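K.L.:
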Amino acid sequence: MSALLVSFVVLLAAGTPVVFVIGISMFAYFIWTGQHMFLLTVPQRMFAGGDSFVLLAIPLFILAGNLMEAGGLTHRLLRFAKMCVGRFTGGVSLTAVWGSMLFGGVSGSAAADAAALGSVLIPEMKREGYDVNYAAALMSMSSLMAPLIPPSIALVIFGALSQTSIARLFIAGIIPAFLLAIGLSIYAVWIAKKRNYPRSEPPTLREFISACWEVIPVMLLPIIIVGGIRGGVFTPTEAAAVAALYALIVAGLLYRTLTLARIRDALLNTALLTAAIFLLVAMANIASFIFAMEKLPQTVVAGLYSISENPIFVLIMVNIILLLLGTVLEATPTLILTVPALVGIGQAVGIDQVQLGVMVVFNILIGFITPPVGLCLFIVSNIARTRVDKVAWHALPMIGIALVVLMIITFVPAVTLWLPELLVK
5 MSALLVSFVV LLAAGTPVVF VIGISMFAYF IWTGQHMFLL TVPQRMFAGG DSFVLLAIPL
65 FILAGNLMEA GGLTHRLLRF AKMCVGRFTG GVSLTAVWGS MLFGGVSGSA AADAAALGSV
125 LIPEMKREGY DVNYAAALMS MSSLMAPLIP PSIALVIFGA LSQTSIARLF IAGIIPAFLL
185 AIGLSIYAVW IAKKRNYPRS EPPTLREFIS ACWEVIPVML LPIIIVGGIR GGVFTPTEAA
245 AVAALYALIV AGLLYRTLTL ARIRDALLNT ALLTAAIFLL VAMANIASFI FAMEKLPQTV
305 VAGLYSISEN PIFVLIMVNI ILLLLGTVLE ATPTLILTVP ALVGIGQAVG IDQVQLGVMV
365 VFNILIGFIT PPVGLCLFIV SNIARTRVDK VAWHALPMIG IALVVLMIIT FVPAVTLWLP
425 ELLVK
């Protein structure tokens, strides 16, 4: 196991892409331990890792989001969000928060949320006198809601790796996303009053009805996904296929904004992201095999329980470890490397696997806005043309809000379990 850990740390520190870090470390383990015969099974295990009906939902959900994005839904969602909250103090900042919530129901990706909405809202906030570093920080924090709202790619991956109901995971993330939105909204209003940021003019009734009418087809997408799964009409994977077809119909026939060039770009972006995710999943199957051989989940549980058998302490330690991993690894590799051990820990402390999934995903999402990896942080900094460290500094109070929500998710089971128990039988 030492060869695996040493090679992993050295390669990661050298800046090697994570997929190669995992692959080379696995090979180093087999060679160092003299178990050369297992090298023959590597291709088979890689293929088996991606050969999953559930995982087929990932490229289909990604395609649905890309098609909606190519169809120009961003401006429609933002117009609707601004009509609803723009009249209040700090209206544009509130539009960023609730626009991210709405966009998350289409993209399921924090990075896509930060890039699509940030490119529109950060310049607008700057024009209205907002501090550009604060605007970028708020946009990066708001994007964290996207992976909690159906269709969430991160929750699909967790569900596939842990054999947890994806339907229940989808629904379980909704209340935590609203809690984060409410927390960020309160902070945004406080900052707006403190710095005297402007509010937008209230819309006329005609403008509001027009904005509602335009956004209804987009808003129906997450409702179709959750409602279809809840009603037993289709499985999560079939829901992803329906979502992709619905996105094509809405963007292509209803809005009529899809061109062949945009469809080609959407397909290409989907293929590239899917290939990266599935290669990581393939490598993860080898890692899971080694972890099972070394009894890593049992070792981790025993190690934590040797310090304290208090479930609260164990969960706090798990959160700290995940927060630290999130600063150096992206979401998918972190899930792949930690889920086998985390499932064992969850069973040991008696936490429901659905609650565990939302806790783990939300934990990892905080890494999206913490250096040195901080994917969303880099995206918004590039849009705002400012330094990452300045954006990170302005994000600190909002990270505090996210940590409060994380503690609620961890220690108040009803926040994640009430809605799935109510809607999914």
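In terms of the numbering used here, the sequence shown is residues 5 to 429.
For glycine and all other residues, C-beta sits at the position ideal for the given N, C-alpha and C.
These numbers were taken from a predicted model, which means no experiment stands behind them.
Verify the contact flag: V89, CB atom, against every heavy atom of the ligand ZN, threshold strictly below 7 Å.
P.N.:
Among the components of this structure there are no ligands whatsoever, and the ligand ZN is therefore not found.
K.L.:
Can you tell me whether Q167 is helix, strand or coil according to DSSP?
P.N.:
Under the three-state reduction of DSSP, Q167 is assigned to coil, being neither helix nor strand.
K.L.:
Closer than 8 Å by C-beta to V343: which residues in its own chain qualify, once you throw out the five before and the five after it? Chain order, please.
P.N.:
F162, L165, S166, V364
K.L.:
Please list, in chain order, all residues of the same chain as A119 whose beta carbon is under 6 Å from its beta carbon, the five residues on each side excluded.
P.N.:
I383
K.L.:
Nearest CA to the CA of M145: which residue from L421, L423, T414, N367?
P.N.:
N367
K.L.:
I'd like the ranges of any alpha helix (DSSP H) spanning at least 4 consecutive residues and lying wholly in the stretch 203-281.
P.N.:
209-234, 240-253
K.L.:
If you measure between the beta carbons of I281 and T336, is that distance less than 8 Å?
P.N.:
yes
K.L.:
Go to L379, then tell me how far its alpha helix (DSSP H) extends in each direction, as first and last residue.
P.N.:
379-388 is the span of the alpha helix (DSSP H), which, as asked, contains L379.
K.L.:
Under DSSP, the alpha helix (DSSP H) around H79 begins and ends at which residues?
P.N.:
Note, H79: alpha helix (DSSP H), 77-89.
K.L.:
Please determine if the stretch 68-78 and the stretch 245-252 are in contact, where contact requires at least 3 C-beta pairs separated by less than 8 Å.
P.N.:
yes
K.L.:
Output the residue ranges of the alpha helix (DSSP H) runs that lie fully inside the stretch 92-143 and measure 4 residues or longer, sorted by chain position.
P.N.:
95-111, 114-131
K.L.:
So the alpha helix (DSSP H) E73 belongs to, where does it begin and stop?
P.N.:
Unbroken alpha helix (DSSP H) run through E73: 61-74.
K.L.:
Can you have a look at C216 and say buried or exposed, based on whether 16 or more other CB atoms are within 10 angstroms of its CB?
P.N.:
The residue in question, C216, is exposed, as its Cβ has fewer than 16 Cβ neighbours within 10 Å.
K.L.:
Pull up the distance between the alpha-carbon of M143 and that of D135, whole angstroms please.
P.N.:
12 Å
K.L.:
Below 8 Å, can you find three or more Cβ-Cβ pairs linking the stretch 346-360 to the stretch 178-198?
P.N.:
no
K.L.:
Quick one, which of S189, I227, L400, A306 has its alpha-carbon nearest F92's?
P.N.:
S189
K.L.:
Buried or exposed: which applies to I387, given that a residue is buried once 16 or more other Cβ atoms fall within 10 Å of its Cβ?
P.N.:
buried
K.L.:
Please confirm if the stretch 229-248 is in contact with the stretch 59-69, defined as three or more CB-CB distances below 8 Å between the two stretches.
P.N.:
yes
K.L.:
Is it a yes or a no for the stretch 385-400 touching the stretch 310-317, going by three-plus beta-carbon pairs under 8 Å?
P.N.:
no
K.L.:
Kindly indicate which residue of G19, F34, S214, F182 has the alpha-carbon position closest to the one of R80.
P.N.:
S214
K.L.:
Quick check: the Cα distance between I195 and L262, rounded to an integer number of angstroms?
P.N.:
Roughly 39 Å separates the two Cα atoms.
K.L.:
Is the beta carbon of P226 sitting closer than 8 Å to the one on I153?
P.N.:
Result yes, Cβ atoms of P226 and I153 sit closer than 8 Å.
K.L.:
Given G75, which residues of its chain have a CB within under 8 Å of its CB, disregarding the five upstream and five downstream residues?
P.N.:
A251, V254, A255, G256, Y259, T261, L262, R266
K.L.:
Under the rule that 16 or more other beta-carbon atoms within 10 Å means buried, what is T331, buried or exposed?
P.N.:
exposed
K.L.:
Whole-angstrom Cβ separation of Y191 and M402, contact assumed at under 8 Å?
P.N.:
6 Å
K.L.:
Starting from the Cα of L224, find the closest Cα among A243, R210, E211 and give me that residue.
P.N.:
A243
K.L.:
If we cut at 8 Å on Cβ distances, does T263 have a partner in chain D?
P.N.:
The structure shown contains no chain D, having only a single protein chain.
K.L.:
Within the same chain, show all residues whose beta-carbon is closer than 6 Å to that of A141, passing over the 5 residues directly before and after it, in chain order.
P.N.:
Sequence-distant Cβ neighbours of A141 in its own chain, meaning closer than 6 Å and more than five residues away, are V395, H398, A399.
K.L.:
Between the alpha carbons of M105 and T241, how many angstroms are there, rounded?
P.N.:
23 Å
K.L.:
Quick one: grab the DSSP three-state call for A18.
P.N.:
Of the three classes helix, strand and coil, the one that applies to A18 here is coil, per DSSP.
K.L.:
For the candidate residues L15, L173, V10, L381, whose alpha-carbon lies nearest to that of W36?
P.N.:
V10
K.L.:
Can you list, in chain order, the residues of its chain with a C-beta nearer than 7 Å to that of P99? Leave out the 5 residues immediately preceding and following it.
P.N.:
A small fix is needed here, since residue 99 is Thr in this sequence, not Pro. Hits under 7 Å: L82, A85, K86, V89, G90, L125.
K.L.:
With burial defined as no fewer than 16 other Cβ atoms inside 10 Å of the residue's Cβ, what is the status of R172: buried or exposed?
P.N.:
buried
K.L.:
Classify G404: buried if its beta carbon has 16 or more other beta carbons within 10 angstroms, exposed otherwise.
P.N.:
exposed
K.L.:
Rounded to whole angstroms, what is the Cα-Cα separation between L264 and L283?
P.N.:
28 Å
K.L.:
So M50 and I290 are in contact, right, with Cβ under 8 Å, and what is the actual spacing, rounded?
P.N.:
About 7 Å separates the CB atoms of M50 and I290; that is less than 8 Å, so the two are in contact.
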